[in-house]
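In the working numbering, the protein residues as written are 21 to 426.
For reference, the structure discussed in these notes is given below.
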Amino acid sequence: MPMDSLLLGSFTTPSILTKGGNNWRRCNLRNVDFSGSYGAYRVSKFRGWNVKETHCCSGFQPCSLKHCTKSTETSVFHYRKNNRFLVNAAAEQPLESEPKNVLNSAKDALDAFYRFSRPHTVIGTALSIVSVSLLAVEKLSDFSPLFFAGMLEAVVAALLMNIYIVGLNQLYDIDIDKVNKPYLPLASGEYSVQTGVMIVASFAILSFGLGWIVGSWPLFWALFISFILGTAYSIDVPLLRWKRFALVAAMCILAVRAVIVQLAFFLHMQTHVFKRPASFSRPLIFATAFMSFFSVVIALFKDIPDIDGDRIFGIRSFTVRLGQKRVFWICISLLEIAYTVALLVGASSGFLWSKVVTVLGHTILASILWSNAKSVDLSSKAAITSFYMFIWKLFYAEYLLIPLVR
């Protein structure tokens, strides 16, 4: 008769009761020190388990279960009153099976994709396109549904391409990321290589498809050049994988972040959305120049916390060649130079409101940068990584100031 639970008393010879046919029999547990008393034991009904030899912890002798390998309907876990298990049974089915919560599964999936998409780059791409789009605005009437639709098309297409680029980089950097960024889904094993390939291929197709449907040549060329440079940066084939060469890698990032984003997306708004002739205004030239400095800093700084993996796998970054401390202060110096130039540009503005906001804003950002840089522990990877994320926050803040430069 099936039993859900069984209460056992104290034993002088520890044993497990099993049922074969209609008869109960006793299987001795040998070589186990079972001193002390035992309490209640729960027996759960399941079929077909094999008992494996196991070693008990906390000073207990090695224990084994013998003569108990046949199919059975019950099992017993012996334990002391301090709840330390002495015997483990390897079952074909778990004692208790809890259905995985659908909501938790969805959260896990979203979290994995969030990390796979490298959110700091996604935010940077979205903010930069919105900011550059605002540079094309000449009067209040330009804020029309047509403007917002054109800006949204550019943002979505660029984000799809952004995820393709960062995803492709992860596909070819799995072994490096196991050292440098073990939390990424491909490096941690949450995503298989096939899943990664499917995601990056889908997002590239969607990006080009949207660009083609929109019919904007500046937008399409921005996507195409980003695709070419992003692929050449990561893919491991002869003459490519440009990330191995520090100068070329920096030029790739500069070309996308500083040139393509500023010029191509501005022309998308100017010529395709507003139907105006192409022109290069003072704010656009400033944005391109300033972001050239910033893009070089990002290209250099991103390798500082990754020095261990890069050195192991032969990536000759500037950090590997020059050392973390030297590259760190080169980056800080470049940013401070950029902020100084921004102060001069802001001070020369013919609009008082623009002069006040840009001079004050860049002064504050430059001061915060210098103050935080002096307190960074360069011997701590966590501190360097945190400061790298702070650099991205300065990047975001600059795109809030750029539309105010007039």
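Positions of the beta carbon are idealized from the N, C-alpha and C atoms, including for glycine.
In this text the structure is predicted, and so the values were computed from the model without any measurement.
Query raised in the report: Just the Cα atoms here: how many angstroms apart are ALA266 and ARG336?
Result: Residue mapping note: residue 266 aligns to position 246 of the sequence shown, counting from 1. Residue mapping note: residue 336 aligns to position 316 of the sequence shown, counting from 1. A straight-line Cα-Cα distance of about 6 Å links ALA266 and ARG336.
Query raised in the report: CA-CA distance, GLN290 and ARG296?
Result: Numbered from 1 along the sequence shown, position 270 holds the residue referred to as residue 290. Numbered from 1 along the sequence shown, position 276 holds the residue referred to as residue 296. The alpha-carbon atoms of GLN290 and ARG296 are separated by roughly 6 Å.
Report task. Take LEU385 and list the residues in its own chain whose beta-carbon comes closer than 7 Å to its own, dropping the five residues that flank it on each side. Result -> Walking along the sequence shown from the start, residue 385 turns up at place 365. Here the set comprises TYR359, LEU414 and ALA417.
Query - From LYS127, THR145 and TRP237, residue whose alpha carbon lies closest to that of TRP311 - result: Within the sequence shown, numbered from 1, the residue matching residue 311 stands at position 291. Here residue 311 is Met; the residue named in the question, Trp, does not match the sequence. If you compare the alpha carbons of LYS127, THR145 and TRP237 with that of MET311, the shortest gap goes to THR145.
Report task. Using only alpha-carbon positions, find the residue among ASP195, LYS401 and ASP162 that is nearest to GLY294. Result -> Walking along the sequence shown from the start, residue 294 turns up at place 274. The question names Gly, but residue 294 is Phe in the sequence shown. Of all alpha-carbon atoms in ASP195, LYS401 and ASP162, the one lying nearest the alpha-carbon of PHE294 is that of ASP162.
Query - Backbone secondary structure at ARG336 - three-state DSSP - result: One-based indexing of the sequence shown puts residue 336 at position 316. Correct three-state label for ARG336: strand.
Query raised in the report: Excluding the five sequence neighbours on either side, which residues of its own chain have a C-beta within less than 8 Å of the C-beta of PRO303, listed in chain order?
Result: Here residue 303 refers to the residue found at position 283 when the sequence shown is read from its first residue. Excluding positions up to five away in sequence, the list reads LEU155, ILE422, PRO423, VAL425 and ARG426.
Query raised in the report: Looking at the structure shown, is PHE294 part of a helix, part of a strand, or coil, going by DSSP?
Result: Position 274 of the sequence shown, counting from 1, holds the residue named residue 294. Coil, per DSSP.
Report task. Determine, using beta carbons only, whether ALA402 and VAL396 come nearer to each other than 8 Å. Result -> As a working mapping, residue 402 is identified with position 382 in the sequence shown. As a working mapping, residue 396 is identified with position 376 in the sequence shown. No; because the gap between Cβ atoms is not below 8 Å, this pair is not in contact.
Query - Whole runs of the alpha helix (DSSP H) within the region 237-271, excluding any shorter than 4 residues - result: The DSSP assignment places complete alpha helix (DSSP H) segments of no fewer than 4 residues inside the region 237-271 at 237-254, in order along the chain.
Query raised in the report: Around the C-beta of LEU420, are 16 or more other C-beta atoms found within 10 angstroms, so that it is buried, or is it exposed?
Result: As a first step, residue 420 is located in the sequence shown; it is residue number 400 there, counting from the start. By the 10 Å Cβ count, LEU420 comes out exposed.
Requested in this report: Within the same chain, show all residues whose beta-carbon is closer than 6 Å to that of GLY329, passing over the 5 residues directly before and after it, in chain order.
Outcome: On the sequence shown, residue 329 is found 309 positions in, with the first residue counted as 1. Cβ neighbours of GLY329 beyond the five flanking positions: ILE196, VAL199 and ASN200.
Query raised in the report: Between the region 362-377 and the region 315-332, are three or more C-beta pairs nearer than 8 Å?
Result: Touching, no, given that fewer than three Cβ pairs across the two stretches are closer than 8 Å.
Query raised in the report: Would you call the CB atoms of LEU206 and GLN190 closer than 8 Å?
Result: For the purposes of this step, residue 206 is taken as the residue at position 186 of the sequence shown. For the purposes of this step, residue 190 is taken as the residue at position 170 of the sequence shown. Contact: yes.
Query raised in the report: What residue does the alpha helix (DSSP H) around ASN200 start on, and which one ends it?
Result: Residue mapping note: residue 200 aligns to position 180 of the sequence shown, counting from 1. Where ASN200 is concerned, the enclosing alpha helix (DSSP H) stretches over 194-200.
Report task. Starting from SER161, follow the alpha helix (DSSP H) in both directions and report where the run begins and ends. Result -> Along the sequence shown, read from residue 1 onward, the residue named residue 161 stands at position 141. Premise fails: SER161 is in no alpha helix (DSSP H) and is neither H nor E.
Query raised in the report: Does DSSP put ARG67 in a helix, a strand or coil?
Result: Mapped onto the sequence shown, residue 67 falls at position 47. Unreliable placement is indicated for ARG67, whose pLDDT of 36 sits below 50; no coordinate value is reported for it.
**Report entry** Run of the alpha helix (DSSP H) containing GLU356, from where it starts to where it stops
**Finding:** Residue mapping note: residue 356 aligns to position 336 of the sequence shown, counting from 1. Element bounds for GLU356: 344-367.
Query raised in the report: Using a Cβ-Cβ cut-off of 7 Å (strictly less than) and excluding sequence neighbours within five positions of ALA275, which residues of its own chain qualify?
Result: Translated into positions along the sequence shown, residue 275 becomes position 255. Correct list, in chain order: LEU249.
Query raised in the report: CB THR251 to CB VAL279, shorter than 8 Å?
Result: Position 231 of the sequence shown, counting from 1, holds the residue named residue 251. Position 259 of the sequence shown, counting from 1, holds the residue named residue 279. Contact annotation: THR251 and VAL279 have beta-carbon atoms that are not nearer than 8 Å.
Query raised in the report: For VAL365, which residues of its own chain have a beta-carbon under 6 Å away from its beta-carbon, when the five flanking residues on both sides are left out?
Result: The count along the sequence shown starts at 1 and reaches residue 365 at position 345. Excluding sequence positions up to five before and after VAL365, its CB lies within less than 6 Å of the CB of PHE306, all in the same chain and listed in chain order.
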